[in-house]
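The structure appears below as structure tokens.
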Amino acid sequence: MPIRPQGALAQGFVSPGFEPVREAFELNFERYGEVGACCAVRVDGEPVVDLWGGDAGDGRPWTRDTIGLAYSVTKGATAILCCLLADRGELDLDAPVAGYWPEFGSGGKAATTVRMLLSHRAGLPALDGRLTFDEVLQYGTAARALAGQRPLWAPGTAFGYHALTYGWLLDEVVRRATGRTIQDLFAAEIAGPLGLDFFIGLPRREEHRVAALIGEPPEQDPSSLLTRAMTANGVFRTPDAATWNDPRIRRASIPAANGITNARSLARLYAALVVEPGRPPLLSGKTLIAAISERSAGRDLVTGLDSRFGTGFMLPTAGTPMLSGSSFGHEGVGGALGFADLDQRVGFGYVQNSLRSDPTGGPDPRVAGLISALRDSLGERRTS
Numbered sequence: 001m002p003i004r005p006q007g008a009l010a011q012g013f014v015s016p017g018f019e020p021v022r023e024a025f026e027l028n029f030e031r032y033g034e035v036g037a038c039c040a041v042r043v044d045g046e047p048v049v050d051l052w053g054g055d056a057g058d059g060r061p062w063t064r065d066t067i068g069l070a071y072s073v074t075k076g077a078t079a080i081l082c083c084l085l086a087d088r089g090e091l092d093l094d095a096p097v098a099g100y101w102p103e104f105g106s107g108g109k110a111a112t113t114v115r116m117l118l119s120h121r122a123g124l125p126a127l128d129g130r131l132t133f134d135e136v137l138q139y140g141t142a143a144r145a146l147a148g149q150r151p152l153w154a155p156g157t158a159f160g161y162h163a164l165t166y167g168w169l170l171d172e173v174v175r176r177a178t179g180r181t182i183q184d185l186f187a188a189e190i191a192g193p194l195g196l197d198f199f200i201g202l203p204r205r206e207e208h209r210v211a212a213l214i215g216e217p218p219e220q221d222p223s224s225l226l227t228r229a230m231t232a233n234g235v236f237r238t239p240d241a242a243t244w245n246d247p248r249i250r251r252a253s254i255p256a257a258n259g260i261t262n263a264r265s266l267a268r269l270y271a272a273l274v275v276e277p278g279r280p281p282l283l284s285g286k287t288l289i290a291a292i293s294e295r296s297a298g299r300d301l302v303t304g305l306d307s308r309f310g311t312g313f314m315l316p317t318a319g320t321p322m323l324s325g326s327s328f329g330h331e332g333v334g335g336a337l338g339f340a341d342l343d344q345r346v347g348f349g350y351v352q353n354s355l356r357s358d359p360t361g362g363p364d365p366r367v368a369g370l371i372s373a374l375r376d377s378l379g380e381r382r383t384s
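Residue numbers (the UniProt record's numbering): 1 to 384.
Right, dumping it as structure tokens:
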């Protein structure tokens, strides 16, 4: 039977042998100033950790039903949807984008493939022009602007993090290929069937469940490519609480950055990629192996960090620790993380509402501690 955590900080359960994860979760509040958070793990498709605790903002406790903005964890969900469409023959990841979206082929972009968009190799990490706040949130406006731009590097020759443009570009490709948006398809084809609380574009009826973000990252150089990439060329501030708590942003379709979810749903989503008791995993083995094969590695031209990407998924690095070399997933500003481990058949999720002071730094000690505790628990479990 599950063990209910003792102590005021953690609620939920851990299965026998996973008590170190509960201890690491509580330590995040005691040592690292965590405000509100949730953590969940599935092994072999079964839940073994489901924890939550702390403050959801405005004096509300973080409960089992609380959901939070996970920032770029959304990119992993978008990648999963694109891979699912590829599995079904509805989207060719190695086809030119212009085959689906002819207007995109101008300005030296004709050879850009869908997979280049997913692996941050398209050379379009930021908007060139300045749109208004309302224009950025209006569906399709940013995509049209990007179609008219020239890439900053020859597509496919280098990589740099497409913090927001990743989602707008892929959304338009998916819409052209299927006639439906990422927001609609993810809800209908993935979140609904798997029973996930994961929204790309939050319905108004769910607004009361959302944890308020807390914290203000330091101001960045507004002229830097990184800041332009993360702010839609100055439309938003850096990923701060005041901007991203705005309900208009929560309701918009930003498939790179405004996914709202919880750890339980992330663990369920990623577990479905590696093991599904009683039915096949969400993606075929061929598609999954291609998706988690390294496509981009080295110094990122936008963040300046050493990074590794597959087809939409982050791969483990010193700055983005996961469980092992067979892990893949995506992190988000503030510390949120969802990943799977192919060899150990694990799905992991962490969502919080406190923003780290450095939006590009790592490794986050909170997540690193949880992963270390999980690794120890799995080692003990498999040697006992």
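Glycine residues also receive a C-beta, built at the ideal position from the N, C-alpha and C atoms.
Spatially closest choice to residue i from the options, by CA coordinates
i: glutamate 207; options: Glu23, Ile260, Pro255 and Asp240; result: Ile260
i: glutamine 149; options: Phe198, Glu90, Ala340 and Ala126; result: Ala126
i: valine 174; options: Asp92, Thr112 and Arg251; result: Asp92
i: isoleucine 214; options: Glu34, Gly312, Val14 and Gly12; result: Glu34
i: serine 326; options: Asp306, Leu131, Pro363 and Leu288; result: Leu288
i: phenylalanine 104; options: Arg176, Ile371 and Val333; result: Arg176
i: arginine 60; options: Arg115, Gly36, Ser119 and Ile80; result: Gly36
i: serine 271; options: Gly107, Arg308 and Ile80; result: For the sequence presented, residue 271 should be read as alanine rather than serine. The residue with the shortest Cα to Cα distance from alanine 271 is Ile80.
i: phenylalanine 186; options: Glu26, Cys38 and Cys82; result: Cys82
i: threonine 157; options: Ser119, Gly140, Ala163 and Glu219; result: Ser119
i: alanine 163; options: Ala145, Ala256 and Ala191; result: Ala256
i: phenylalanine 199; options: Ala212, Asp184 and Thr238; result: Asp184
i: asparagine 28; options: Gly347, Glu380 and Gly335; result: Gly335
Residue i versus residue j: straight-line alpha-carbon distance, rounded
i: threonine 360; j: alanine 24; result: Its pLDDT being 47, under 50, threonine 360 is placed unreliably in this model, and the value from its coordinates should be taken loosely. So the two alpha carbons sit approximately 23 Å from each other.
i: glutamate 135; j: valine 235; result: 10 Å
i: glycine 369; j: alanine 318; result: 14 Å
i: tyrosine 71; j: glutamine 352; result: 11 Å
i: tryptophan 168; j: leucine 194; result: 25 Å
i: glycine 76; j: arginine 130; result: 27 Å
i: serine 324; j: glycine 160; result: 24 Å
i: arginine 121; j: leucine 9; result: 42 Å
i: isoleucine 371; j: glycine 107; result: 44 Å
i: proline 16; j: glutamate 276; result: 22 Å
i: aspartate 376; j: phenylalanine 18; result: 9 Å
i: leucine 273; j: tyrosine 350; result: 17 Å
Helix, strand or coil at residue i according to DSSP, with G and I counted as helix
i: histidine 330; result: strand
i: proline 359; result: Residue placement at proline 359 is flagged as unreliable, the pLDDT there being 46, under the threshold of 50; the coordinate-derived value follows with that caveat. Coil, per DSSP.
i: threonine 320; result: coil
i: glycine 369; result: helix
i: aspartate 376; result: helix
i: isoleucine 92; result: In the sequence on display, residue 92 carries aspartate and not isoleucine. Aspartate 92: coil per DSSP, three-state reduction.
i: phenylalanine 133; result: helix
Residue i burial status per 10 Å Cβ neighbour count (16 or more: buried)
i: aspartate 221; result: exposed
i: glutamate 46; result: exposed
i: aspartate 128; result: exposed
i: threonine 74; result: buried
i: glutamine 138; result: exposed
i: glycine 285; result: exposed
i: aspartate 55; result: buried
i: aspartate 341; result: buried
i: arginine 53; result: One point to set straight first is that residue 53 is glycine, not arginine, in the sequence displayed. Burial call: buried.
Residue j beta carbon less than 8 Å from that of residue i
i: glycine 12; j: aspartate 44; result: no
i: glycine 123; j: tryptophan 101; result: no
i: alanine 267; j: valine 41; result: yes
i: leucine 355; j: alanine 229; result: no
i: glycine 332; j: leucine 269; result: no
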